[in-house]
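To start, the structure itself, in structure tokens.
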Amino acid sequence: MKKIFKKIHLWLSVPVGLIISVICLTGATLVFEKEITRACSPHLYTVKYEEGSKPLKPSEIITRVCQQTGDTLEIRTLQIASNPKEAWMVNFVNAGRRQLSVNPYSGEINGWVEGNTFFQTIRKLHRWLLDAPAQKGAPSTGKTIVGITTLLMIVILISGIILWCPRTRKSLHNRLKVSCSKGSFRFWYDSHVSLGFYATLFLLVMALTGPTWSFRWYRTGFYALFGASTEQTQHTAPAKENKDKKEKKSKPEKLDYQVWDTALSELQSRYNRYGNILLSRNSVQIIQTGKRKGDTASFDIHTGKITAIERYDADKQPISSKMKGLIYSLHTGQWGGVITRILYFLSAFIGGILPLTGYYFWIKRISKKHRRSV
-5 MKKIFKKIHL WLSVPVGLII SVICLTGATL VFEKEITRAC SPHLYTVKYE EGSKPLKPSE
55 IITRVCQQTG DTLEIRTLQI ASNPKEAWMV NFVNAGRRQL SVNPYSGEIN GWVEGNTFFQ
115 TIRKLHRWLL DAPAQKGAPS TGKTIVGITT LLMIVILISG IILWCPRTRK SLHNRLKVSC
175 SKGSFRFWYD SHVSLGFYAT LFLLVMALTG PTWSFRWYRT GFYALFGAST EQTQHTAPAK
235 ENKDKKEKKS KPEKLDYQVW DTALSELQSR YNRYGNILLS RNSVQIIQTG KRKGDTASFD
295 IHTGKITAIE RYDADKQPIS SKMKGLIYSL HTGQWGGVIT RILYFLSAFI GGILPLTGYY
355 FWIKRISKKH RRSV
């Protein structure tokens, strides 16, 4: 039986091994994208804070931003951090994901926060082998290749575990460690066998969740395993688009940003702890540290008084609305904080090395057979 799995493991790995290496190594690079990006441009994310300093009011920030940017940009939101050493971020209409970093104590612009070009390229390589779809959800050759490779990776990992299973206690002891004193060949062999075993569980989780971004049929089946449906996710997008179109057609009255001062003051008195407060035209999001969603407050656009607060309870959310976040969390290692992210980084790095060591052994064996035949 092991001979069959050995052939499956080998002949699936040979054609897709290099692609697996690319997917895994780029994935490992993306694990700490946020931290690396902040470290490369600290002036965009942190500000000098002196004890006792108080930030400007939102309306004052907006006034100073407008003085420096002119009237060409329409402000959409203002993101306020609870950490006094964090910069505030201004979002604009039709500016995509670009944000303007602002010093909350002086109102001075620190610069534009844009996607890091290096990581954008790495992400395109990881998801589509640089062959990005024409639009979101559309197919592409690179996207299909990545999806098929990830599915084959699942079979390769499972066959590898079957081949790893030792027959004796001594073999088990040897397969759980890497020997560094018995030559280079033994070192790379142990690295392939032992490190591959330790990384397999995390690699399987990554491989099982990855194709949800490549194939609709796989995503539908994955959702169904948890008793959820993708229909809700698919129908919400057009609804949002229609809402955006209506907002564009109707010209809302000009907002007096002093109402943001009132809304923020009231919310800060209600919430002793929060990560960020996101002020928009007629609503506010209160997001706790480390969370992606939070409570939503509505306020009167004339007075700024809070009229209602919708509490966000993750446990009460339907499973279909949780699935996207769950899959992303499982795929990237976000579910366990920094510890799981470190484990995912190491596992993805090992996953990128495994095909290379596998090629090394395969070429060695072919060369050895060739010399014998000669």
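Note that my numbering gives residue 104 to position 110 of the sequence shown, counting from 1, and the numbers run on in steps of one.
The beta-carbon is built from N, C-alpha and C at its ideal position, and this holds for glycine as well.
Partner residues in the beta bridge of MET83, as assigned by DSSP, are GLN73 and SER95. Just measuring C-alpha positions, the residue of VAL41, LYS(-3), PHE(-1) and GLY21 sitting nearest ARG335 is GLY21. Residue pairing by DSSP puts GLY105 in a beta bridge opposite SER95. Leaving aside the five residues that flank THR326 on each side, the residues in its chain whose CB is nearer than 8 Å to its CB run, in chain order, LEU24, VAL25, ARG335 and TYR338. Taking THR111 as reference, the option from SER175, ILE155, LYS79 and GLU27 with the minimal CA-CA separation is GLU27. Between the C-alpha atoms of SER7 and THR115 there is a straight-line separation of about 25 Å. When secondary structure is reduced to three states using DSSP, ILE295 falls in the coil class, being assigned neither helix nor strand. With three or more CB-CB distances shorter than 8 Å, the segment 32 to 50 counts as touching the segment 101 to 110. In summary, ILE271 is buried, with 16 or more beta-carbon neighbours lying within 10 Å of its beta-carbon over all protein chains present. By the criterion of a C-beta distance shorter than 7 Å, THR256 is surrounded in its chain by THR297, GLY298 and LYS299, once the five residues flanking it on both sides are discounted. VAL278: member of the beta strand (DSSP E) spanning 277 to 281, first to last residue. Between TYR354 and GLY11, the beta carbon gap of about 11 Å keeps them out of contact (Cβ cut-off 8 Å). The C-beta distance from SER292 to THR301 rounds to 5 Å, short enough to fall under 8 Å. Under a 10 Å Cβ-count criterion, LYS164 is classified as exposed, with fewer than 16 other Cβ atoms of the shown protein chains found around its own Cβ.
Just so you know, the alpha carbons of TRP356 and LEU219 end up roughly 38 Å apart.
Under the three-state reduction of DSSP, ASP307 is assigned to coil, being neither helix nor strand. Residue burial annotation: VAL87 is exposed, with fewer than 16 other C-beta atoms found within 10 angstroms of its C-beta. As a beta-bridge residue in DSSP terms, ASP289 pairs with ILE280.
Shown here, ASN270 sits in a strand according to DSSP, grouped into three states. Between the C-alpha atoms of ALA222 and ASP309 there is a straight-line separation of about 15 Å. The Cβ atoms of ILE344 and ALA201 do not sit closer than 8 Å to each other. Under the DSSP definition of a beta bridge, THR143 lacks any partner.
Where VAL332 is concerned, the enclosing alpha helix (DSSP H) starts and stops at 332 to 367. With contact defined as three or more Cβ pairs closer than 8 Å, the segment 145 to 155 and the segment 163 to 183 are not in contact.
Straight through space, the alpha carbons of SER323 and TRP329 are spaced by roughly 5 Å. Nearest to GLY319 by alpha-carbon distance, out of TYR306, GLU304 and LYS287, is LYS287.
Contact between SER188 and LEU170 is confirmed by a C-beta separation of about 6 Å, below the 8 Å threshold.
Within the DSSP bridge table, the entry for ALA302 names SER292 as partners.
When rounded, the separation of the alpha-carbon atoms in LYS(-4) and ILE156 is 7 Å. In this chain, GLN129 is not harboured by any alpha helix (DSSP H), its DSSP state being neither H nor E. Of the candidates ILE281, ILE14, PRO160 and ILE321, ILE281 places its Cα closest to the Cα of ARG305.
An exposed status is given to LYS285, since fewer than 16 other beta-carbon atoms sit within 10 Å of its beta-carbon. The three-state reading of DSSP puts THR224 in coil, since its state is none of H, G, I, E or B. The C-alpha of TYR183 is placed about 16 Å away from the C-alpha of ILE360.
Residue environment: ALA342 is assigned as buried (16 or more neighbouring CB atoms within 10 Å of its CB, all protein chains considered). Per DSSP, the beta-bridge partners of THR40 are GLU80.
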